[in-house]
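Encoded as structure tokens, the structure appears first; notes follow it.
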Amino acid sequence: MDKEEILKKSREQKEDEGTVYADNKGRRYGVIGFCSVFIIIMFFNIFTRQNNFVPYSMFFAYMSAEAYGKYRATKAKALMVTTVLAAIASVAFFACHVLEVLGIGA
Numbered sequence: 141m142d143k144e145e146i147l148k149k150s151r152e153q154k155e156d157e158g159t160v161y162a163d164n165k166g167r168r169y170g171v172i173g174f175c176s177v178f179i180i181i182m183f184f185n186i187f188t189r190q191n192n193f194v195p196y197s198m199f200f201a202y203m204s205a206e207a208y209g210k211y212r213a214t215k216a217k218a219l220m221v222t223t224v225l226a227a228i229a230s231v232a233f234f235a236c237h238v239l240e241v242l243g244i245g246a
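Residues in the sequence shown are numbered from 141 upward in steps of one, following our numbering.
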């Protein structure tokens, strides 16, 4: 392939490397922010003797969605297992929260 052919293919992709870089950088800071708030809420709930069903549900939902996106790109079976298990955990923690709010169960 010569230089012109490579440039032509790059233009046809319609994906700007700068935009991809910015998206990835933003996503990284988003994950750091999400995890930071998650940890703060966890400690707050522990010190105030509240349960952590909602934060766990949100965390596992995020984990499931991220693993699914990676699975779609790589087809790694471990990521599909992570997707399924994290989704089950998310639904289970959400169900625990709903049951507690409605006063059903313990």
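Each residue gets a CB set at the ideal place from its N, CA and C atoms; glycine is no exception. Note that this is a predicted model, so its numbers are computed, not measured.
Beyond the five residues adjoining it in sequence on each side, Lys210 comes within less than 6 Å, by CB distance, of Leu219 in the same chain, given in chain order. Taking the Cα positions, Cys236 is about 25 Å away from Val171. Your pair Phe184 and Phe233 does not check out as a contact, with CB atoms roughly 17 Å apart and the cut at 8 Å. In the three-state DSSP reduction, Ile146 falls in the helix class (H, G or I). Residue environment analysis places Ser197 among the buried positions, since at least 16 neighbouring C-beta atoms fall within 10 angstroms of its C-beta. Here the alpha carbon of Gly166 sits roughly 10 Å from the alpha carbon of Gly173. Excluding five sequence positions before and after Phe199, the CB atoms of its chain that fall closer than 7 Å to its own CB belong to Phe178, given in chain order.
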